[in-house]
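Residue numbers (this note's numbering): 11 to 299.
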Amino acid sequence: MIETDSNFEQLNSLMTFLLKKDIYKNRIIEACPNCNGKKYIRYGAYKGIQRYKCKECSKTFSNSTNSLWSYSKKNSPKWIQFIELVIERKSLRFCAEKLEISLVTAFYWRHKVLNGLNFDSIPEKLTNNVFISKKLIPENFKGSRNIMTDKRHNIWVIAAKSSNDSMIAKPISKIHWNLNSFNKKIYYLIDKKAYITTYCDRYLSAVAAKHNKKREYQVFDDKRIKTFPNILNLWLKKYHGVATKYLENYLSLFILFIINRKIDSISISNQLITGNRYIRTNEIGLTLE
Ligand SMILES: [Zn+2]
């Protein structure tokens with residue numbers, strides 16, 4: 011007897027299985043996620059995904075352990091569609107309806123994706139001509155409970171971009187300029203031989219003057235960093251305010267928009283899914299209100 015599958019249920023579950031298997035096939039496990047031990051052996055496979063056993067702590071793990079979607083019961087085509095929707099900057103409500111997931115799931119997924127991007131967004135070095143700008147963003151307590159204060163301090167966001175289109179943007183301090191934090195989060199990435207051009211800030215121009223000391227004065231311009239404060243402002247508006255504690259993650263997505271490189275959801279999905287970017291939902295730690 012032939013069983014029909016007019017709703018393609020079997021096909022869909024097979025597709026999910028194949029896609030998942032394929033996604034994790036090339037994932038490189040560097041160490042045991044439990045004890046960080048480097049000695050482990052192959053230990054069979056479950057649903058097509060390779061398993062391992064650690065020789066040091068005896069725990070088993072697999073090619074999908076600690077990946078972005080570990081333990082997610084939803085099917086993998088949905089994750090990739092979801093990443094596409096994050097890149098298209100659709101609202102959570104839109105994502106939830108379109109993919110038939112709950113609003114809460116959409117909320118956590120967005121943070122998983124942004125958190126994963128944040129992991130990937132740090133360039134190796136900023137070389138040649140480096141452009142730096144700042145934007146002050148008022149603190150935002152969206153989603154936080156028990157906020158006793160009405161005071162909104164400014165958060166200093168610094169963006170630095172090299173002429174070959176590597177870029178970083180990070181919140182560095184609250185209220186005041188903080189050179190120490192700037193050095194730790196941004197300046198260490200700037201090549202000693204680079205020439206720095208800054209916009210609209212006296213602290214930044216002091217940094218540039220010191221750095222460029224032995225170099226001849228040059229005139230360079232970068233339109234995107236020059237207009238960074240305005241572009242970021244417009245970009246953030248679409249989210250109707252971003253909670254300060256997540257600002258850094260949103261900035262990682264922002265960078266993808268501002269740089270010239272061609273990026274698509276499939277390559278981003280691949281990067282995100284095969285990396286070690288698992289975060290527990292309780293680490294996201296926010297409730298929808
Ligand atoms: Zn181990």
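Every residue, glycine too, gets a C-beta built ideally from N, C-alpha and C. Quick caveat, the model's predicted, so the values are computed rather than measured.
Grab me the residues of G54's own chain with a C-beta within less than 6 Å of its C-beta, minus the 5 sequence neighbours each way, in chain order.
Residue numbering aside, residue 54 sits at position 44 when the sequence shown is read from its first letter. Cβ neighbours of G54 beyond the five flanking positions: R61.
Would you list the residues sitting across from I200 in a DSSP beta bridge?
Taking the first residue of the sequence shown as position 1, residue 200 is located at position 190. Paired residue(s): L136.
May I ask you to report which of helix, strand or coil DSSP gives N164?
Counted from its first residue, the sequence shown places residue 164 at position 154. N164 falls in the strand class under three-state DSSP.
Whose C-beta lies closer than 8 Å to the C-beta of S191 among residues of the same chain, with five residues either side of it excluded?
The residue given as residue 191 occupies position 181 in the sequence shown. So the list reads I182 and S183, once near-sequence residues are dropped.
Three-state secondary structure (DSSP) at G153?
Walking along the sequence shown from the start, residue 153 turns up at place 143. In the structure shown, G153 adopts coil according to DSSP, grouped into three states.
Strictly closer than 5 Å from CB to any heavy atom of ligand 1: give me those residues in the order they appear in the chain.
C42, N44, C45, G47, C64, E66 and C67
Is the Cβ of K180 closer than 9 Å to any Cβ of chain C?
No chain C is part of this structure, which consists of one protein chain only.
How long is the line joining the alpha carbons of A179 and Q20, rounded to whole angstroms?
Position 169 of the sequence shown, counted from the first residue, corresponds to residue 179. Position 10 of the sequence shown, counted from the first residue, corresponds to residue 20. Distance between the alpha carbons of A179 and Q20: 45 Å.
Closer than 8 Å is the cut-off here; do at least three beta carbon pairs connect the region 34–52 with the region 237–256?
no
With DSSP collapsed to three states, give me the class of Y256.
To locate residue 256, count along the sequence shown from 1; it is residue 246. Y256: helix per DSSP, three-state reduction.
Measure how close the beta-carbons of I206 and N222 come, nearest whole angstrom, since I'm counting them as under 8 Å.
Residue mapping note: residue 206 aligns to position 196 of the sequence shown, counting from 1. Residue mapping note: residue 222 aligns to position 212 of the sequence shown, counting from 1. Sure, about 6 Å apart at Cβ, within 8 Å.
For K195, I'd like the list of residues in its chain whose CB is within less than 6 Å of its CB, leaving aside the five on either flank, ordered along the chain.
The residue given as residue 195 occupies position 185 in the sequence shown. Here the set comprises K180 and I182.
With a CB to CB cut of under 7 Å and the five nearest residues on each side skipped, what residues in its chain are close to Y209?
As a working note, residue 209 is residue 199 in the sequence shown. These residues qualify, in order along the chain: S143, I235 and K236.
Per DSSP, what kind of secondary structure is T70 in: helix, strand or coil?
Translated into positions along the sequence shown, residue 70 becomes position 60. Of the three classes helix, strand and coil, the one that applies to T70 here is strand, per DSSP.
Just grab the DSSP bridge partners of Y56 for me.
Numbered from its first residue, the sequence shown carries residue 56 at position 46. The partner list for Y56 (beta bridge, DSSP) reads I59.
Going by the CB atoms, is the gap between L261 and L199 shorter than 9 Å?
Position 189 of the sequence shown holds residue 199. Position 251 of the sequence shown holds residue 261. No. Outside cutoff.
Figure out for me which residue from C42, P87 and R37 has the closest Cα to the Cα of I276.
The residue labelled residue 276 in the question sits at position 266 within the sequence shown. When each option's Cα is compared against that of I276, the closest is P87.
For N128, count neighbouring Cβ atoms within 10 angstroms of its own Cβ and tell me buried if that reaches 16, exposed if not.
Your numbering for residue 128 matches position 118 in the sequence shown. Burial call: buried.
Tell whether a beta-carbon distance below 9 Å holds between K171 and I268.
Residue numbering aside, residue 171 sits at position 161 when the sequence shown is read from its first letter. Residue numbering aside, residue 268 sits at position 258 when the sequence shown is read from its first letter. K171 places its beta carbon less than 9 Å from that of I268.
Does the beta-carbon distance from A218 to N138 come in below 9 Å?
Against the sequence shown, residue 218 aligns to sequence position 208. Against the sequence shown, residue 138 aligns to sequence position 128. The answer is no: Cβ separation not under 9 Å.
Reducing DSSP to helix, strand and coil, say where K100 ends up.
In the sequence shown, counting from the first residue as 1, residue 100 sits at position 90. Correct three-state label for K100: coil.
Give the DSSP bridge partners of C64, in chain order.
To locate residue 64, count along the sequence shown from 1; it is residue 54. Residue pairing by DSSP puts C64 in a beta bridge opposite Y50.
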